[in-house]
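Inspection log for the structure reproduced underneath, given as structure tokens.
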Amino acid sequence: MKQRTFFMLKPDGVKLEEEILARIKSVAEIVAIKKYARLPLEKIAQLYEEHKDKPFYPWLVDYLKDNPATLMILEKKDGLNEDLFSLIDKLVGSTDPKKALPGTIRSLSPDSLEVAYSQNRAVQNLVHRSENETTAQREAALFFDVF
Ligand code: AMP
Numbered sequence: 089m090k091q092r093t094f095f096m097l098k099p100d101g102v103k104l105e106e107e108i109l110a111r112i113k114s115v116a117e118i119v120a121i122k123k124y125a126r127l128p129l130e131k132i133a134q135l136y137e138e139h140k141d142k143p144f145y146p147w148l149v150d151y152l153k154d155n156p157a158t159l160m161i162l163e164k165k166d167g168l169n170e171d172l173f174s175l176i177d178k179l180v181g182s183t184d185p186k187k188a189l190p191g192t193i194r195s196l197s198p199d200s201l202e203v204a205y206s207q208n209r210a211v212q213n214l215v216h217r218s219e220n221e222t223t224a225q226r227e228a229a230l231f232f233d234v235f
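In the numbering used here, the protein residues as written are 89 to 235.
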């Protein structure tokens with residue numbers, strides 16, 4: 089069975105869809121895709137359950153419920169030996185776009201954790217990726233019937 093994961097273009101990422109998908113396709117095939125004009129509130133709450141007590145949480149919820157997002161199931165491309173989560177990690181880069189290495193997806197964002205923190209909001213870092221197999225299964229199941 090080929091490795092799969094869940095991946096999301098957040099609203100700022102939707103604006104750079106072509107560029108981000110080209111990078112993703114270097115390591116994975118898109119096996120399912122859903123484009124939302126707005127994410128349902130209860131799904132956002134489930135996806136970001138671990139952040140519900142963080143100061144940036146209300147802003148994050150509003151941001152995702154009022155703007156488009158693209159959700160995907162990705163499958164590792166044939167011929168790659170590295171673990172899919174490690175490949176995606178390298179491709180995506182640090183949560184803080186200012187610290188994301190040149191060439192990574194998040195380095196394309198002009199935002200930073202410092203600015204986001206000073207404005208009491210979540211950082212706009214273009215994409216969400218599942219951290220590991222267990223998280224991927226949980227997150228994929230929120231939006232897709234098959235994983
Ligand atoms: P994560 O579950 O780590 O992907 O975090 C979810 C999202 O919450 C991130 O992609 C950011 O948009 C936001 N976020 C996470 N940590 C912080 C933070 N310390 N300050 C502001 N926003 C954050």
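Using N, Cα and C, we set each Cβ at its ideal position, and we do this for glycine too.
Check                                                                                                                                                          : Outcome
Could you tell me which residues DSSP puts in a beta bridge with R86?                                                                                          : The structure shown does not extend to residue 86, since the chain is modelled only from 89 through 235, so no value can be given for it.
Going by the C-beta, is L127 closer than 7 Å to any heavy atom of ligand 1?                                                                                    : no
Quick one: what does DSSP say Y151 is sitting in, helix, strand or coil?                                                                                       : helix
Report yes or no: do the stretch 122–136 and the stretch 182–199 share at least 3 C-beta pairs separated by less than 8 Å?                                     : no
Looking only at its chain, what residues have a beta carbon closer than 6 Å to the beta carbon of L175, apart from the 5 residues adjacent to it on each side? : V115
Given a cut-off of 8 Å on the beta-carbon distance, is the pair R209 and W147 in contact?                                                                      : yes
Can you give me the start and stop residues for the beta strand (DSSP E) that I118 sits inside?                                                                : A116 to Y124
Beta-carbon separation of I161 and R92 under 8 Å?                                                                                                              : yes
Using only alpha-carbon positions, find the residue among K98, V119 and L127 that is nearest to D233.                                                          : V119
Which residues bound the alpha helix (DSSP H) around L104?                                                                                                     : Unbroken run through L104: none, as it is neither H nor E.
According to the Cβ coordinates, are V215 and K98 closer than 8 Å?                                                                                             : yes
Go ahead and pull the three-state DSSP assignment for T222.                                                                                                    : helix
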